[in-house]
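In terms of this note's numbering, the sequence shown is residues 568 to 1011.
Heads up, the thing below is written out as structure tokens.
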Amino acid sequence: MIADPLVLTVVLLFVMFALLLSSIWIGVSLMLTGIFGMLIFQNHLPPSISIFDKIGDLLSSSLYDSLNSWSLAALPMFILMGELLYKSSISSKLFNGLIPWLDKVPGRLLHINVAACSLFAAVSGSSAATTATVGKITLGELKKRGYSKMLAIGSLAGSGTLGFLIPPSLIMIIYGVLSNVSIGQLFIAGIFPGLLLASAYALYIMIAASFDKKAIPLQTEKVTWQDKMNSIKDLLPIMLLITLVLGSIYAGFATPTEAAALGVLGSLLLGLYFKSLDFEVIKIALLNSIKTTVMISFIIAGAGFLSQVVGFLGIATALSEYIASLHLSPYMLIFVVGIMYVILGMMLDGISMVVMTLPIVLPIVKMAGFDPLWFGIFLVFMVELSQITPPVGFSLFVIQSISGEKIGYILKATFPFFVIMILVVVLVTAFPEIAFYLPRRMIQ
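Take a look at the structure:
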């Protein structure tokens, strides 16, 4: 271990952020940061050992170890499933199918974003795909029908982040691979927190619509039970796909990777059923999936190398011992970690946040007594917050491109849902059984 690992940590963080701000690829930035750390360590090696040989050994082993994972095979499959659904007419089918069932609910169609995002998140796993797909159809429809633009945009921004929390989730897959936590258990643990967050959004919409009578238009159409029954034909295929993907995991018939393959097959069948699938759609979906998978894999590989360097230099152990010496209570520690992630969310995207911080943060929270499974759900919440925090809130950019509104207006509309998410995080932290209940019941 080097003399002062805490100072080295600050230096490495400074180098990493400097590289990121220089617009170098994230994967390359992580690798260069690790190489820089090893070069600092050069004076601590015996003269007979070349630092470049040591760097080569660590780099080659970490690249292989970080990507040689069967669980990681689920990643490109879920991405492909989301791309295929994005190109199909599933968003319009969801909208048309949900309209009759929300007729008597306070706020009526303002709930469409929460309901549609929750359903799409359960088959996509991507926050960006969820926000873009649902937003393209709902914002225009809600505006045309006279609903509050601010509530429509805010609910889309908040609900769109459910793509990371409601399984299957790309962030959960990445976290599971990096932390050696069961991806299936993470998927199960995310159900109740995801439903709790969606319910909190719906409750806020009800309250806001009750106080602001201009938020919803005067009702001119009467929905009959026949309309509701007719809408089932639009919702049933989508519900079957959700059952196929999640049910196969929870029933123990398939691993997350196998379920992802079933999801791709199901999305292809849905495209054929809706008559929106052709060769061009498949080609674009495959190309986009390859690009996204390679980008994420490159980041994971860079993070794997940096993780090995952090362990080689003794940084994680030193930081854990330092924080332990502060005698912070476990909840104070989580509060500090949460503040750190909110700040990082203003500068980094969610995947980068996970892969760059996990090698240091996970040993600390484990030492404080927190279960890695629960921390995975907590971390997903932090990633969701990063999606709607400026200036690198990706969901904000997606909504801006869809709505044409200025970013300031979108931030104002999103703020109540940002606060609601923080309150739900506090609840899940105070009552961790919200995340543990289903996994423990499934084990029994």
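C-beta: ideal position from N, C-alpha, C; glycine also.
Since we're looking at a predicted model, the values are computed, not measured.
What separation, rounded to the nearest whole angstrom, lies between the Cα atoms of residue i and residue j?
i: Y1004; j: G819; result: 18 Å
i: F872; j: T859; result: 20 Å
i: P643; j: P734; result: 15 Å
i: P999; j: W941; result: 7 Å
i: Y742; j: K781; result: 43 Å
i: D624; j: L588; result: 28 Å
i: G838; j: L652; result: 8 Å
i: I931; j: M899; result: 13 Å
i: T956; j: T728; result: 12 Å
i: G830; j: L844; result: 15 Å
i: T981; j: I867; result: 30 Å
i: V1014; j: P673; result: Because the chain in this structure spans residues 568 to 1011, residue 1014 falls outside the shown range and cannot be described.
i: A570; j: F759; result: In this prediction, A570 scores a pLDDT of 47, lower than 50, which makes its location untrustworthy; no coordinate-derived value is stated.
i: A1002; j: G936; result: 16 Å
i: L647; j: E825; result: 14 Å
i: V995; j: I901; result: 12 Å
i: M717; j: I738; result: 29 Å
i: L880; j: L606; result: 11 Å
i: P1006; j: R712; result: 42 Å
i: I774; j: Y714; result: 15 Å
i: K710; j: V701; result: 14 Å
i: L854; j: S892; result: 50 Å
i: F584; j: I910; result: 13 Å
i: M568; j: S968; result: Interpretation of M568 is limited by its pLDDT of 44, a score under 50 that renders its predicted location unreliable; the figure taken from the coordinates is listed afterwards. In a straight line, the C-alpha of M568 is about 49 Å away from that of S968.
i: V848; j: T698; result: 20 Å
i: R1008; j: I755; result: 10 Å
i: N747; j: I740; result: 10 Å
Output the boundary residues of the alpha helix (DSSP H) element that contains residue i.
i: I551; result: In the structure as shown, the chain begins at 568 and stops at 1011. Residue 551 is therefore absent and cannot be evaluated.
i: W592; result: Careful: W592 lies outside any alpha helix (DSSP H) and carries neither H nor E.
i: V995; result: 974-997
i: Y714; result: Unbroken run through Y714: none, as it is neither H nor E.
i: T824; result: 823-840
i: T859; result: 846-880
i: S843; result: Run containing S843: none; DSSP gives neither H nor E here.
i: L911; result: 897-912
i: F759; result: 758-778
i: S746; result: 737-746
i: V950; result: 939-954
What whole-angstrom Cβ distance do residue i and residue j have, given they're in contact under 8 Å?
i: A776; j: L677; result: 6 Å
i: M949; j: G905; result: 7 Å
i: I593; j: G869; result: 7 Å
i: S736; j: G757; result: 6 Å
i: G686; j: I809; result: The amino acid at residue 686 is misidentified as Gly; the sequence shows Leu. That pair is a contact at about 7 Å.
i: L753; j: G943; result: 5 Å
i: G604; j: L634; result: The Cβ separation is near 21 Å, so there is no contact.
i: M920; j: S874; result: Not really, about 14 Å apart at Cβ, beyond 8 Å.
i: V947; j: L732; result: 5 Å
i: K660; j: D801; result: 4 Å
i: I816; j: G730; result: Contact doesn't hold; Cβ gap of about 17 Å is too wide.
i: A641; j: P823; result: 5 Å
Can a CB atom of chain B be found closer than 8 Å to the CB of residue i?
i: Y742; result: The structure shown contains no chain B; it holds only a single protein chain.
- Item | contact_flag[the region 923-933, the region 981-997] where n(CB pairs < 8 Å) is 3 or more | With the cut-off at 8 Å, the region 923-933 and the region 981-997 do not touch.
- Task: Assess, as a yes-or-no matter, whether the region 710-730 is touched by the region 755-769 under the definition of 3 or more beta carbon pairs within less than 8 Å.
- Result: Enough Cβ pairs lie closer than 8 Å, so yes.
- Item | alpha helix (DSSP H) runs contained entirely in the region 624-675, provided each spans 4 or more residues | The region 624-675 contains these whole alpha helix (DSSP H) runs: 641-654, 657-665.
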